[in-house]
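Asker: Dumping the structure here so I can ask a few things about it.
Number of protein chains: 2
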Amino acid sequence: MDKATFDAQYQTYLQAVEDYLRGLFTAKTDYDQIFTAMRYSLLAGGKRIRPILTLEFARLCGLDWHKALPVGCALELVHTYSLIHDDLPCMDDDDLRRGKPTSHKQFGETLAILAGDALQPAAFELILSAVDLRDTARANCALILAKAAGADGMVGGQVLDTLCHATTQDQLAQVHRLKTGALLMAACQLGCAAADGDELQLNCAKIYGENLGMAFQIRDDVLDVVGDEADFGKPIGSDEACGKTTYVNLLGIDGCAQAVERCTVTACDAVATWGDDGFLQCLAKSLAGRNH
Amino acid sequence: MDKATFDAQYQTYLQAVEDYLRGLFTAKTDYDQIFTAMRYSLLAGGKRIRPILTLEFARLCGLDWHKALPVGCALELVHTYSLIHDDLPCMDDDDLRRGKPTSHKQFGETLAILAGDALQPAAFELILSAVDLRDTARANCALILAKAAGADGMVGGQVLDTLCHATTQDQLAQVHRLKTGALLMAACQLGCAAADGDELQLNCAKIYGENLGMAFQIRDDVLDVVGDEADFGKPIGSDEACGKTTYVNLLGIDGCAQAVERCTVTACDAVATWGDDGFLQCLAKSLAGRNH
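Protein chains in written order, with the numbering used here: chain A, 3 to 294; chain B, 3 to 294.
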């Protein structure tokens with residue numbers, strides 16, 4: 003797949019995701035400041051990698067990808083809630099997110115916590131109300147999301163990242179496998195599950211998502227050292243400033259580049275023999291070489 | 003049903019719920035401080051009204067009630083997460099809960115927020131992994147929970163309670179219908195849904211839960227004025243101290259007693275013609291007359 007075709011397909015998915023998300027939480031109620039806060043963070047942009055992965059895996063498994071929009075967007079709700087809570091004073095204490103004040107800076111801590119709390123069940127509601135999917139597919143998707151978002155997934159990773167200090171490569175890999183990997187893996191698997199995919203497909207999706215997530219995180223650590231602040235969208239050197247062990251400490255810049263390459267090849271191999279027309283391989287390669 | 007029979011049945015349910023909850027989150031992992039925090043709040047006792055309602059409604063709809071334990075206990079996870087987050091400094095700022103330090107006092111704010119965050123998806127996982135239920139029942143139950151726990155349910159009620167000031171009876175009713183009523187209604191409906199109950203049963207369950215919740219809240223407001231601190235388990239007069247409008251302000255003590263009576267009769271009527279052998283009526287009456 004050439005870059006122009008990839009970009010066009012990515013834009014098509016991105017536009018559909020943005021349109022879907024923009025339609026959420028528009029009701030007028032006596033408590034609609036919660037919806038304002040939910041939409042503020044949800045509609046702040048971003049690459050929307052997770053829902054786009056879901057849509058492409060659903061398409062590869064034979065489903066009209068539009069039918070997987072509620073499932074993919076559910077992931078974006080969970081991702082958004084995690085960012086709102088991660089930014090809180092007692093977590094990473096960040097004032098800015100994507101160039102805008104973080105939720106608690108904009109709305110206060112009370113509403114920020116509640117907006118995050120409300121985005122979680124809303125994600126499950128989206129999946130479980132997805133009328134274009136079969137009952138079994140809905141239940142399977144909701145279960146995949148529950149596991150990925152829970153203590154043995156994203157929240158466990160946040161516990162390790164915030165309260166523990168990873169110093170070995172194994173420990174670091176565990177933090178990232180849970181904190182960001184679990185949701186990326188789920189994104190791929192949810193596409194398959196929405197399309198009633200088989201075990202083999204789910205397993206390929208898992209390998210792709212796992213390696214994509216690992217490459218993504220290693221590249222993130224590299225950009226934190228060598229990146230351009232304007233491109234990267236966050237301050238360079240922040241990991242070192244707060245004393246975090248990163249892949250750059252453990253592997254060096256060259257070692258990181260090799261590890262990203264290895265993960266990207268593994269991810270691409272997992273889907274190469276499986277009807278992928280190149281979109282997933284282009285996506286993995288573009289993330290591996292990204293500057294932001 | 004006489005009181006001894008009611009008490010015995012309540013104890014049977016309660017014991018089953020406690021046993022089930024005690025079996026959760028026991029895995030040893032590198033991040034198991036999150037499980038310690040989740041269990042600390044989950045196993046702190048309480049009346050367990052929500053899961054017990056689920057079990058009894060499941061039984062009335064013809065299901066072996068043991069099979070509904072994951073569904074009922076899922077509600078207790080959501081209820082527990084809501085208490086942990088409600089106690090936070092930026093919410094009600096409480097130091098004690100059921101005579102023990104609140105989660106953030108015991109574990110710090112970071113872990114308290116994360117324990118709450120992890121209890122939500124764990125609740126959905128319990129329901130969606132309930133092997134004794136049919137796929138449709140699992141999906142229906144998870145959807146009922148998602149709606150009750152979300153912005154148009156419990157979280158919306160918390161927004162109104164924390165950030166707005168109800169002054170009329172309609173406003174107060176809306177706060178409580180969302181904040182505590184939504185989860186109590188869901189408790190009743192989940193029992194029916196777990197048993198693949200029909201629309202009529204779901205509707206009776208809704209009326210029962212709604213009126214039980216309303217009576218419960220009005221009684222709570224009365225106990226905050228006339229209760230005995232040792233029985234009630236929280237300081238008397240706390241509503242007045244923080245300037246909250248309550249049912250006592252709006253209806254007076256006698257008016258509250260009449261409203262509790264009316265709601266209790268409506269709740270009992272909703273289930274009287276529907277195979278209830280008296281347990282639900284005894285439960286409604288015992289809550290209406292409770293001192294704690």
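Backbone N, C-alpha and C define an ideal beta-carbon position, used for all residues, glycine too.
(1) Identify the residues that DSSP records as bridge partners of residue 103/A: which are they?
(2) State yes or no: is the beta carbon of residue 99/A nearer than 8 Å to at least one beta carbon in chain B?
(3) Leaving out the 5 sequence neighbours to the left and right, which residues in its chain are closer than 7 Å to residue 279/A when beta-carbon positions are compared?
(4) How about the segment 206–221 of chain A and the segment 266–286 of chain A: do they share at least three Cβ pairs that are nearer than 8 Å?
(5) Please return the same chain residues whose Cβ sits closer than 6 Å to the Cβ of residue 168/B, not counting the five positions on each side in sequence.
(6) Between which residues of its own chain and residue 249/A is the CB-CB distance below 6 Å, once the five residues before and five after are set aside?
(7) Under the rule that 16 or more other beta-carbon atoms within 10 Å means buried, what is residue 203/B, buried or exposed?
(8) Closer than 8 Å, Cβ to any Cβ of chain A: which residues of the segment 34–49 of chain B, in chain order?
(9) Leaving aside the five residues before and after residue 217/A along the sequence, list all residues of the same chain whose C-beta is less than 6 Å from its C-beta, in chain order.
(10) Using the three-state DSSP reduction, which class does residue 294/A fall into: helix, strand or coil?
(11) Rounded C-beta distance between residue 197/B and residue 60/B? I'm assuming under 8 Å.
(12) With a CB to CB cut of under 7 Å and the five nearest residues on each side skipped, what residues in its chain are close to residue 164/A?
(13) In chain A, which residues lie with their C-beta within 7 Å of the C-beta of residue 157/B?
(14) Give the list of continuous alpha helix (DSSP H) stretches no shorter than 4 residues that lie fully inside the segment 185–232 of chain B.
(15) If you follow the alpha helix (DSSP H) that residue 87/A is in, where does it begin and where does it stop?
(16) Check for me: the alpha helix (DSSP H) holding residue 62/B runs from which residue to which?
(17) 8 Å is my cut-off, CB to CB: does residue 87/B come that close to chain A?
(18) If contacts are defined as beta-carbon pairs under 8 Å, then residue 154/A and residue 69/A qualify, I think. What distance do you get, rounded to the angstrom?
(19) Can you tell which of 6/A, 35/A and 252/A has the C-alpha that lies nearest to the C-alpha of residue 105/A?
(20) For the alpha helix (DSSP H) containing residue 158/A, name the first residue and the last one.
(21) Quick check on residue 5/A: does DSSP put it in helix, strand or coil?
(22) Count the other CB atoms, across all protein chains shown, that sit within 10 Å of the CB of residue 78/A; report buried if there are 16 or more and exposed otherwise.
(23) Thinking C-alpha only, which one of 187/A, 38/A and 51/A is nearest residue 13/A?
(24) Kindly indicate the opening and closing residues of the alpha helix (DSSP H) around residue 181/A.
(25) Between residue 112/B and chain A, is any beta-carbon pair separated by less than 8 Å?
(26) Can you look up residue 112/A in the DSSP assignment and give me helix, strand or coil?
(27) Is it buried or exposed for residue 39/A, if we count other Cβ within 10 angstroms and need 16 for buried?
(28) Check for me: the alpha helix (DSSP H) holding residue 149/A runs from which residue to which?
(29) With DSSP as the reference, label residue 33/B as helix, strand or coil.
(30) Thinking just about the alpha-carbon of each residue, which of 31/B, 17/B and 49/B is nearest to the one in residue 288/B?
(31) Look at the Cβ atom of residue 192/A, then the Cβ atom of residue 180/A, and state whether they are nearer than 8 Å.
(32) Here's the rule: buried if 16 or more other CB atoms are within 10 angstroms of the residue's CB, otherwise exposed. What is residue 295/A?
(33) State the DSSP-derived secondary structure class of residue 43/A, mapped to helix, strand or coil.
(34) For residue 240/A, collect the residues of the same chain with a Cβ closer than 7 Å to its Cβ; drop the 5 residues on either side in sequence, then sort them by chain order.
(35) The segment 125–154 of chain A: which residues have C-beta closer than 7 Å to a C-beta of chain B, in chain order?
(36) At the level of alpha carbons, what is the spacing between residue 285/A and residue 8/A?
Answerer: In short, the structure shows the following:
(1) DSSP lists 98/A as partners of residue 103/A.
(2) So, not an interface residue.
(3) Same-chain partners within the cutoff: 3.
(4) Taking 8 Å as the limit for Cβ pairs, the verdict is that the segment 266–286 of chain A does touch the segment 206–221 of chain A.
(5) For residue 168/B, where only same-chain residues beyond five positions count, the Cβ hits under 6 Å are 174, 177 and 247.
(6) For residue 249/A, the CB contacts under 6 Å within the same chain, skipping 5 residues up- and downstream, are 220, 223 and 258 in chain order.
(7) Buried is the call here.
(8) Residues 35, 36, 37 and 40.
(9) So the list reads 262, 265, 266 and 290, once near-sequence residues are dropped.
(10) Three-state DSSP puts residue 294/A in coil, outside helix and strand.
(11) Sure, about 5 Å apart at Cβ, within 8 Å.
(12) Around residue 164/A: 93.
(13) Near residue 157/B (Cβ distances below 7 Å), the residues of chain A are 36, 116, 119 and 120.
(14) Listed in chain order, the complete alpha helix (DSSP H) runs (minimum 4 residues) inside the segment 185–232 of chain B are 201–228.
(15) 71–88 is the extent of the alpha helix (DSSP H) around residue 87/A.
(16) Per DSSP, residue 62/B belongs to the alpha helix (DSSP H) from 51–62.
(17) Yes, its Cβ sits closer than 8 Å to a Cβ of chain A.
(18) Contact doesn't hold; Cβ gap of about 29 Å is too wide.
(19) When only C-alpha atoms are compared, the closest one is 35/A.
(20) Note, residue 158/A: alpha helix (DSSP H), 156–165.
(21) DSSP, read as helix, strand or coil, puts residue 5/A in helix.
(22) Buried is the call here.
(23) Looking at the Cα atoms, 51/A is the closest of the given residues.
(24) Here residue 181/A belongs to no alpha helix (DSSP H), and DSSP marks it neither H nor E.
(25) Judged by the 8 Å Cβ criterion, residue 112/B is in contact with chain A.
(26) In the three-state scheme derived from DSSP, where H, G and I count as helix and E and B as strand, residue 112/A is classed as helix.
(27) Residue 39/A comes out buried.
(28) Membership of residue 149/A in the alpha helix (DSSP H) is indicated by the continuous run 137–151.
(29) Residue 33/B sits in coil when the DSSP states are folded into three classes, being neither helix nor strand.
(30) Here the closest residue by C-alpha is 49/B.
(31) Between residue 192/A and residue 180/A, the gap from beta carbon to beta carbon reaches 8 Å or more.
(32) Outside the displayed span of chain A (3 to 294) sits residue 295/A, for which this structure offers no information.
(33) In the three-state reduction of the DSSP assignment, residue 43/A falls in the helix class.
(34) Correct list, in chain order: 226.
(35) The residues in question are 126, 127, 130, 131, 137, 138, 140, 141, 144, 145, 148, 149, 151, 152 and 153.
(36) Approximately 8 Å, taken between the alpha carbons.
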